[in-house]
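Residue numbers (this note's numbering): 1461 to 1676. Below you'll find the structure, written out as structure tokens, and then a few comments.
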Amino acid sequence: MRIGTLGAGNMAEALAGRWVAAGHEVTVGARSPEKAAALAGKIGATAGTLREAAAFGDAVLLAVPFAVAEEVLREAAVPAGRTLIDCTNPVVPPEMALLTAGGPSAAERCAAAAPGAHVVKAFNVCHEGIWRTTPPQPDGRPLGVPLCGDDAAAVAAVEQLVRDLDCEPLNGGGLARAGQLEATAAFVIGLWFGGGDPASMLPPVGVAMGGEPHVA
Ligand SMILES: NC(=O)c1ccc[n+]([C@@H]2O[C@H](COP(=O)([O-])OP(=O)(O)OC[C@H]3O[C@@H](n4cnc5c(N)ncnc54)[C@H](OP(=O)(O)O)[C@@H]3O)[C@@H](O)[C@H]2O)c1
């Protein structure tokens, strides 16, 4: 697959670096030609402007702060029909309040700023360091990656990119649910910041809906 990145920071490096290693072609797009070239050289990609990266990618990873996401998308002009992966978290640590509260989700704002692109919300829960891990299996099993999107082909493409990281896609439904995924990430990250273990609040799938718990 051809992948463009909008941004040349931590998330672009972590995800696109793994995708290059998995055999994908990547163009790193950034406002700074020097930073785009530096990351491209580091991970084995080519470098370009935001607009060139958006034009290159069958899938385009938006990896900039939420505060500038819409402006970057307008500058990049992602062509219609492309898959646009939104990994932004519309929060400011450590309070983790949602900057989108009372309005459209970050993903829905991205969709409005990139008309015709097929937005898929994904990769927003875990720290970039997790995506660099090979394989990212912190508790010994494949990491689940929830994603939300409306276009079946775009969702399938991102599911493949999830599997290329040795992770397991979790179908989170349509883009209307992306706000729930963004809120989940904000809440979970807040628990991590507080030293809590969010995984401990989730029972195993076999008993989560009322099945009999296993008694040792
Ligand atoms: N880091 C994580 O662990 C993590 C995890 C999940 C989700 N996320 C989300 O992923 C996104 C990217 O995070 P990151 O950690 O990769 O950030 P980062 O390392 O700070 O990189 C941000 C990138 O955005 C670019 N940028 C900033 N303002 C811009 C503007 N006005 N126009 C064009 N480009 C601009 C930066 O370019 P310059 O270098 O020129 O400033 C840089 O390439 C964020 O929305 C974050 O919430 C991050």
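Positions of the beta carbon are idealized from the N, C-alpha and C atoms, including for glycine. Keep in mind that this is a model prediction, so the values were computed, not measured.
- Within the region 1486-1541, complete beta strand (DSSP E) segments of at least 3 residues are found at 1506-1508, 1519-1522, given in chain order.
- One alpha carbon belongs to G1666, the other to V1622, and they sit about 24 Å apart.
- In terms of Cβ geometry, L1522 and L1544 form a close pair [threshold 8 Å].
- At least 8 Å separates the beta-carbon of P1598 from that of D1626.
- Annotation for M1471 indicates a beta carbon within 7 Å of some heavy atom of ligand 1.
- For G1517, the shortest C-beta to heavy atom distance toward ligand 1 is 7 Å or greater.
- Distances between the C-beta of G1467 and the heavy atoms of ligand 1 include at least one below 7 Å.
- The beta carbon of A1536 is closer than 6 Å to those of L1466, L1510, R1511, A1514 in its chain, skipping five residues each way along the sequence.
- If you check the CB distance, G1639 and T1560 come in under 8 Å.
- For N1470, the three-state secondary structure derived from DSSP is helix.
- Inter-residue distance for G1650 and L1607 is about 20 Å (C-alpha atoms, whole angstroms).
- The C-beta separation of G1604 from E1628 comes to about 5 Å, placing the pair in contact by the 8 Å criterion.
- As computed with DSSP, N1584 is found in no beta bridge at all.
- Rounded to the nearest angstrom, the gap between the Cα atoms of P1553 and P1663 is 27 Å.
- The beta carbon of L1641 is closer than 6 Å to those of K1581, P1606, C1608, G1632 in its chain, skipping five residues each way along the sequence.
- Judged by DSSP secondary structure, L1621 falls within the alpha helix (DSSP H) whose first and last residues are 1612-1623.
- Cβ contact annotation for E1473 (same chain, cutoff 6 Å, sequence separation greater than five): L1499, in chain order.
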